[in-house]
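Below: one structure, written as structure tokens.
In the working numbering, the protein residues as written are 4 to 387.
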């Protein structure tokens with residue numbers, strides 16, 4: 004927009020957590036990215052205040068938006084017959100370039116069909132008609148800086164000052180000097196391997212009930228595990244993964260702590276879920292298997308929420324009304340449970356193995372006592 008000397012893009016990001024509405028604004032050296040998360044995130048918004056640098060090198064000056072006359076600086080390479088990604092068509096287009104920036108246009112009228120910049124940005128016009136010139140609504144440029152980037156705006160504001168402008172990160176020493184008591188308590192708790200007795204139970208059901216009482220007394224809105232479906236739980240977990248504090252996993256992983264994240268990326272986690280969903284879909288015992296998977300997701304969701312989110316983040320999520328599942332009280336792996344049955348096919352065994360991995364809370368939160376020492380001269384029945 005020439006009047007406001009700004010560039011704006013409104014995008015829909017197809018992500019593992021669902022569709023995220025994204026607004027990108029660039030004016031002068033200031034660069035804002037506003038993300039609005041899906042319905043189940045209870046209106047959680049995120050604003051990132053930053054500055055763009057050539058090649059991501061912060062030693063270089065911050066760059067401005069693309070110039071209004073950028074197309075006039077391009078030179079003609081030639082007419083090509085090419086396949087266009089996502090549009091999924093092979094067409095004859097005119098190819099233009101300026102430095103690393105490439106554009107393909109319709110020969111008959113100059114309409115832009117495809118833009119591309121290697122190693123940095125990928126622009127796709129999903130409509131086969133291309134991007135035709137049109138009028139610009141000035142009102143969308145009046146909210147600069149975006150209100151969500153200012154104090155009291157988005158739930159998560161990253162590198163933004165109170166007025167919504169970019170505020171560079173503090174150096175490491177400043178961050179350590181300004182560490183809040185809550186943050187230090189988070190780290191102390193992460194380093195504590197065995198929970199205090201107030202967080203333990205005498206068996207699986209009692210342990211789950213005790214932990215549910217603690218969840219219910221916290222800042223989060225909660226809902227019984229039985230009231231969730233797999234899609235809701237998987238999307239919730241994807242969001243929890245995105246807002247986690249990676250410092251916790253750097254404590255858990257070297258110690259081989261059960262709280263560590265087994266998969267390193269969200270894509271790996273998503274692939275595991277997809278395989279599992281496909282496995283149980285259409286199975287003769289589909290309903291029973293889905294209940295087992297659901298309960299496993301509830302346990303893992305609670306574990307991520309409790310052990311991978313800082314206390315500040317939990318409080319922020321609590322204010323937004325995001326719901327967290329309670330732990331299921333049903334011990335599928337114990338006598339009488341669906342995973343304790345002797346007659347199981349391969350799918351059943353796979354689901355039960357996953358369930359037992361995810362309900363590992365009992366490994367630390369169970370108050371089981373060690374076996375009594377045998378009297379002198381009496382041989383123990385088992386070698387432990």
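Glycine included, each C-beta is placed from N, C-alpha and C at the ideal position.
Can you give me the start and stop residues for the alpha helix (DSSP H) that residue 275 sits inside? Here the alpha helix (DSSP H) through residue 275 covers 269-283.
Would you say residue 108 and residue 99 are within 8 Å of each other, going by their C-beta atoms? yes
Enclosing alpha helix (DSSP H) for residue 295 [first to last residue]: For residue 295, the uninterrupted alpha helix (DSSP H) segment begins and ends at 289-311.
Hey, residue 334 and residue 236: beta-carbon distance below 8 Å or not? no
So what does DSSP say about residue 367, is it helix, strand or coil? With a pLDDT of 49 at residue 367, under the threshold of 50, the modelled position of that residue is not reliable, and no figure is offered here.
Determine the DSSP secondary structure at residue 188, reduced to helix, strand or coil. Taken through DSSP and simplified to helix, strand or coil, residue 188 comes out as helix.
Alpha-carbon to alpha-carbon, residue 63 and residue 57: Rounded to whole angstroms, residue 57 to residue 63 spans 7 Å at the Cα level.
Select from 303, 248, 234 the residue whose C-alpha is nearest the C-alpha of residue 265. 303
CB-CB under 7 Å to residue 24, same chain, minus the five flanking residues each way: which ones, in chain order? 15, 39
Same chain only: Cβ atoms within 8 Å of residue 358, ignoring 5 sequence neighbours per side: 295, 296, 298, 299, 335, 336, 342
Residue 39, DSSP secondary structure in three states: strand
Cross-strand partners of residue 24 (DSSP beta bridge): 15, 39
Check whether the Cβ atoms of residue 188 and residue 5 sit closer than 8 Å, and answer yes or no. no
Counted within 10 angstroms of its Cβ, other Cβ atoms place residue 251 as buried (16 or more) or exposed: buried
Evaluate the contact criterion for the stretch 268-284 versus the stretch 239-258: three or more CB pairs, one atom per stretch, below 8 Å. yes
In this structure, how does DSSP classify residue 8 when only helix, strand and coil are distinguished? coil
Given that a residue counts as buried once 16 or more other Cβ atoms are within 10 Å of its Cβ, and exposed if not, what is residue 73? exposed
Start and end residues, alpha helix (DSSP H) containing residue 356: 349-361
In terms of DSSP beta bridges, what is residue 53 paired with? 34
Assign residue 182 to one of two classes, buried (16 or more other C-beta atoms within 10 Å of its C-beta) or exposed (fewer than that). For residue 182, the predicted model reports a pLDDT of 38, less than 50, meaning its position is unreliable and no value from the coordinates is stated.
Other residues of its chain near residue 52: CB distance less than 8 Å, five sequence neighbours each side excluded: 33, 34, 35, 148, 152, 160, 161, 162, 163, 164, 167, 168, 169, 170
C-alpha gap between residue 138 and residue 60, whole angstroms: 35 Å
For residue 246 and residue 280, the rounded distance between their alpha carbons: 24 Å
In angstroms, rounded to a whole number, what distance separates the CA positions of residue 48 and residue 22? 13 Å
Pull up the DSSP beta-bridge partners for residue 2, would you. Only positions 4 to 387 of the chain appear in this structure, which leaves residue 2 out of reach.
Secondary structure, beta strand (DSSP E): runs of 3+ residues fully inside the stretch 197-263: 224-226
Output yes or no for whether 8 Å exceeds the beta carbon distance between residue 144 and residue 255. no
Would residue 222 pass as a contact of residue 155 if the rule is Cβ separation under 8 Å? no
Excluding the five sequence neighbours on either side, which residues of its own chain have a C-beta within less than 6 Å of the C-beta of residue 224, listed in chain order? 324, 326
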